[in-house]
Amino acid sequence: RKEVEQDPGPFNVPEGATVAFNCTYSNSASQSFFWYRQDCRKEPKLLMSVYSSGNEDGRFTAQLNRASQYISLLIRDSKLSDSATYLCVVNGGGSYIPTFGRGTSLIVHP
Amino acid sequence: NAGVMQNPRHLVRRRGQEARLRCSPMKGHSHVYWYRQLPEEGLKFMVYLQKENIIDESGMPKERFSAEFPKEGPSILRIQQVVRGDSAAYFCASSLRQQETQYFGPGTRLLVL
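These protein sequence lines map, in sequence, to chains A and B. Reminder that position 95 of the first sequence reads as 95 in the working numbering, one-by-one numbering, no gaps. Reminder that position 9 of the second sequence reads as 1009 in the working numbering, one-by-one numbering, no gaps.
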C-alpha cells in the first residue's frame, strides 16, 4: 500500500459545482497534513493546513479523519481558476521527510 | 520577505556535462529539501539538508548526484555527467523548522540534449 494515495482524476466539473477530493495515508502516527496546489509547469503552493478540528478558508474546507486515516478537500462554487493539480502532503510519524501524494487533477469548465 | 529562490530557471546541458542548481531558502529558514518531478509525474524527494549537514539523502541516486548547504550561500544540487534521463524539473523547498510547512521555489527545468 502506498504511503499517501490520491485519485489522480481528472475531475471535470462545471463552474459553480462543488467538488471533493480524498487522500488516504498509511502511517497512523502521521502528525501534520497539508493541501498544496500545483499549476501546470509551476511550483507547488500551499493551499491550506489540515487540523484535527477542520479548517475553512473561503470556498475551501479541509478535514482530517484520523480513525479512517484520510484527509479531504472540499471546494465550493468552483471557478475556472481552480483548475490545477491538488497535492496531499503528510508529515511526521517517525520521518521528517514529508510524503507527497501524486496529486488529483481538477478541470473546471465554463 | 523574498520567497525561495532558485537559479537558473532553465538549464540546457549536453550529455556528460555537469549541472549545478542553486537554491536560496526563505529568510530565516535553515531546512532545505530538493525534489525532482518528471513530466506527468509526482514530486520525488531527493535530499534534506540543514545548514552544513545532510540529514537525509535517501531519495538521491548514489552516483553522479550530490548536494550541499554551506554555512554561507545557497544550497547546491550538483549532477555530474548528466544523461537524458536527468531531464526534469528540480524544485527546492525550505521550512523554518523540521516537519513544518514547506515553501517551494519556482524550480529549475533541466534539459539534457
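Every residue gets a Cβ at the ideal spot worked out from N, C-alpha and C, and that includes glycine.
Interface with chain A (7 Å Cβ-Cβ cutoff): Gly1003 (chain B) is excluded. In this structure Met1060 (chain B) is in contact with Val1047 (chain B), their Cβ atoms being roughly 5 Å apart against a cut-off of 8 Å.
For the region 40-52 of chain A, the set of residues with a beta-carbon nearer than 8 Å to any beta-carbon of chain B comprises Arg41, Lys42, Glu43, Pro44, Lys45, Leu46, Ser49, in chain order.
Within chain A, Tyr96, Ile97 have C-beta atoms less than 8 Å from the C-beta of Asp1056 (chain B), given in sequence order. If the five residues before and after Arg102 (chain A) are omitted, its C-beta is found closer than 7 Å to the C-beta atoms of Gln6, Pro8, all from its own chain and listed in chain order. In summary, the residues of the region 17-39 of chain A whose CB is separated from some CB of chain B by less than 9 Å are Gln31, Ser32, Phe34, Tyr36, Gln38, in the order they occur in the chain. Among the CB atoms of chain B, none fall inside 7 Å of the CB of Gly93 (chain A). The C-alpha of Tyr25 (chain A) is placed about 29 Å away from the C-alpha of Pro14 (chain A). One thing to note: Tyr86 (chain A) has its Cβ no nearer than 7 Å to the Cβ of Gln1098 (chain B). Secondary structure at Leu1049 (chain B): strand, using DSSP grouped into helix, strand and coil.
Contact annotation: Phe34 (chain A) and Ser49 (chain A) have beta-carbon atoms nearer than 7 Å. Residue environment: Leu1043 (chain B) is assigned as buried (16 or more neighbouring CB atoms within 10 Å of its CB, all protein chains considered).
Any Cβ of chain B closer than 7 Å to the Cβ of Gly9 (chain A) would place that residue at the interface, and such an atom is absent. Considered as a whole, the region 71-99 of chain A harbours 84-92 as its complete beta strand (DSSP E) runs of no fewer than 3 residues, in chain order.
By the neighbour-count criterion, in which 16 or more other beta carbons inside 10 Å mark a residue as buried, Asn12 (chain A) falls on the exposed side.
For Gln31 (chain A) and Gly94 (chain A), the gap between their C-alpha atoms comes out near 9 Å. Rounded to whole angstroms, the Cβ separation of Ser1066 (chain B) and Arg1078 (chain B) is 5 Å, and the two are in contact under 8 Å. Close partners of Gly1042 (chain B) in chain A (Cβ separation under 8 Å): Leu87, Phe100, Gly101, Arg102, Gly103.
The beta-carbon of Phe1104 (chain B) is placed less than 7 Å from the nearest beta-carbon of chain A.
Shown here, Arg1084 (chain B) sits in a helix according to DSSP, grouped into three states.
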